[in-house]
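*Asks:* Dropping a structure here in structure tokens format, bear with me for questions.
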Amino acid sequence: MIDVKGLQKNYGGLQVLKGVDLTINKGDCVVLVGPSGCGKSTFLRCLNRLEEPDGGHVIFNGKEVTDHDIDHVRQKMGMVFQHFNLFNNMSVIDNITLAPKLVHKETDEQAREHAMALLKTVGLAEKADVMPRSLSGGQKQRVAIARSLAMRPKVMLFDEATSALDPEMVGDVLEVIRELAEDGMTMVLVTHEMGFAREVATRVIFTDAGVIEEEGTPDEIFNHPKSERLKTFLSKVL
Numbered sequence: 210m211i212d213v214k215g216l217q218k219n220y221g222g223l224q225v226l227k228g229v230d231l232t233i234n235k236g237d238c239v240v241l242v243g244p245s246g247c248g249k250s251t252f253l254r255c256l257n258r259l260e261e262p263d264g265g266h267v268i269f270n271g272k273e274v275t276d277h278d279i280d281h282v283r284q285k286m287g288m289v290f291q292h293f294n295l296f297n298n299m300s301v302i303d304n305i306t307l308a309p310k311l312v313h314k315e316t317d318e319q320a321r322e323h324a325m326a327l328l329k330t331v332g333l334a335e336k337a338d339v340m341p342r343s344l345s346g347g348q349k350q351r352v353a354i355a356r357s358l359a360m361r362p363k364v365m366l367f368d369e370a371t372s373a374l375d376p377e378m379v380g381d382v383l384e385v386i387r388e389l390a391e392d393g394m395t396m397v398l399v400t401h402e403m404g405f406a407r408e409v410a411t412r413v414i415f416t417d418a419g420v421i422e423e424e425g426t427p428d429e430i431f432n433h434p435k436s437e438r439l440k441t442f443l444s445k446v447l
């Protein structure tokens, strides 16, 4: 579904991504782990051109992302950020239905019916008509996930979706992501939640200093690491 070849990204004289190659197949749950500043979030943002790559290729569904209408790409590639980015002047349901009505030309009834189904999925059906300011951080993030899913994406990207949450709120958000993985949604996640990565990932990618240092199944990465760099990283985070 996504084929990344030689991906490079520079910020001034700093090369953050140094020629990354990665293939993501339909139904994969690929989890990127690694130290802060190693290029994980930059990689994710290059997939849908929130950051413009400086070299290499990102091919999505057989088409080069840089040659394709980026708005069309983003309709098929949902993204959930660290911060929720909800419209505070709109109700929860209106946050979710806005894009489907504008982009997919869904009727009010169609958009609301789908949004209510998604809110039920994330456990917030009773919050449909409230304003975001009345929600907890974990609830806002679950609404943000529902909003991305409302566009019926083929791939979901999660950029440290729980890092801004209080610890007691993390579990509810992770449960929603876990259920998406079980339903076969293709996902790429950046996370510091190692236990979650071990549980849901089909593949774990360990990145360091702008390159993929090691990749494998959760068992291979967490129980049988090969590189000394990965062993050192795991000794500090597990």
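The working numbering applies: residue 210 is where the sequence shown begins, and numbers increase by one. Glycine included, C-beta positions come from ideal geometry on N, C-alpha and C.
#1: Given 8 angstroms as the limit, is there contact between the stretch 232-244 and the stretch 415-434, that is, 3 or more CB pairs closer than that?
#2: In angstroms with no decimal places, state the Cα-to-Cα distance between Tyr-220 and Lys-235.
#3: According to the Cβ coordinates, are His-401 and Ser-357 closer than 8 angstroms?
#4: Tell me whether the stretch 377-395 and the stretch 349-365 touch, counting them as touching only if at least three CB pairs, one residue from each stretch, are closer than 8 angstroms.
#5: Just to confirm my understanding: we take Asp-338, look at its own chain, exclude 5 residues before and 5 after, and list those with CB closer than 8 angstroms. What are they?
#6: Could you pull out every residue in the same chain whose Cβ sits closer than 7 angstroms to the Cβ of Ala-308, ignoring the five residues on either side in sequence?
#7: Tell me the residue span of the beta strand (DSSP E) that contains Val-239.
#8: Tell me whether Asp-237 counts as near the ligand GTP, meaning its Cβ is closer than 7 angstroms to at least one heavy atom of that ligand.
#9: So who's on the other strand from Asn-219, going by DSSP bridges?
#10: Using 8 angstroms as the threshold, is the C-beta distance between Arg-351 and Val-382 below it?
#11: Please state whether DSSP places Lys-214 in a helix, a strand or coil.
#12: Going by DSSP, what residue range makes up the alpha helix (DSSP H) through Thr-330?
#13: Comparing C-alpha positions only, which one of Arg-258, Ala-324, Ala-355 sits nearest to Glu-273?
#14: Could you tell me how far apart the beta carbons of Val-399 and Ser-245 are, in whole angstroms, since I believe they sit closer than 8 angstroms?
#15: For the candidate residues Asn-297, Val-409, Phe-290, Leu-216, whose alpha-carbon lies nearest to that of Leu-389?
#16: Near Ala-334, which residues of its chain fall below 7 angstroms by C-beta distance, leaving aside the five closest residues on each side in sequence?
#17: With a CB to CB cut of under 7 angstroms and the five nearest residues on each side skipped, what residues in its chain are close to Met-284?
#18: Does the distance from the CB of Lys-214 to the CB of Asp-237 come in under 8 angstroms?
*Replies:* Here's the rundown:
#1: Taking a cut-off of 8 angstroms on C-beta distances, the stretch 232-244 touches the stretch 415-434, as three or more cross pairs fall below it.
#2: Taking the straight line from one Cα to the other gives about 31 angstroms.
#3: Here His-401 is not near Ser-357, since their CB atoms are 8 angstroms or more apart.
#4: Counting Cβ pairs under 8 angstroms, three or more are found: they touch.
#5: Within the same chain, Asp-338 has close Cβ partners Ser-300, Val-301, Ile-302.
#6: Same-chain partners within the cutoff: Ala-359, Met-360.
#7: Unbroken beta strand (DSSP E) run through Val-239: 238-242.
#8: Only the bare structure without any ligand can be found here, which leaves the ligand GTP out of the picture.
#9: BP columns for Asn-219 point to Gln-224.
#10: Yes, these two residues count as a Cβ contact at 8 angstroms.
#11: Note: Lys-214 maps to strand in three-state DSSP.
#12: First-last of the alpha helix (DSSP H) with Thr-330: 317-330.
#13: When only C-alpha atoms are compared, the closest one is Arg-258.
#14: With 8 angstroms as the limit, Val-399 and Ser-245 do not qualify as a contact, their Cβ atoms being about 11 angstroms apart.
#15: Check the Cα spacing between Leu-389 and each of Asn-297, Val-409, Phe-290, Leu-216: the tightest is with Val-409.
#16: Result list for Ala-334: Met-325, Leu-328, in chain order.
#17: Looking at the sequence itself, residue 284 is Gln, so the reference to Met does not match. Result list for Gln-284: Val-312, Met-360, in chain order.
#18: No; because the gap between Cβ atoms is not below 8 angstroms, this pair is not in contact.
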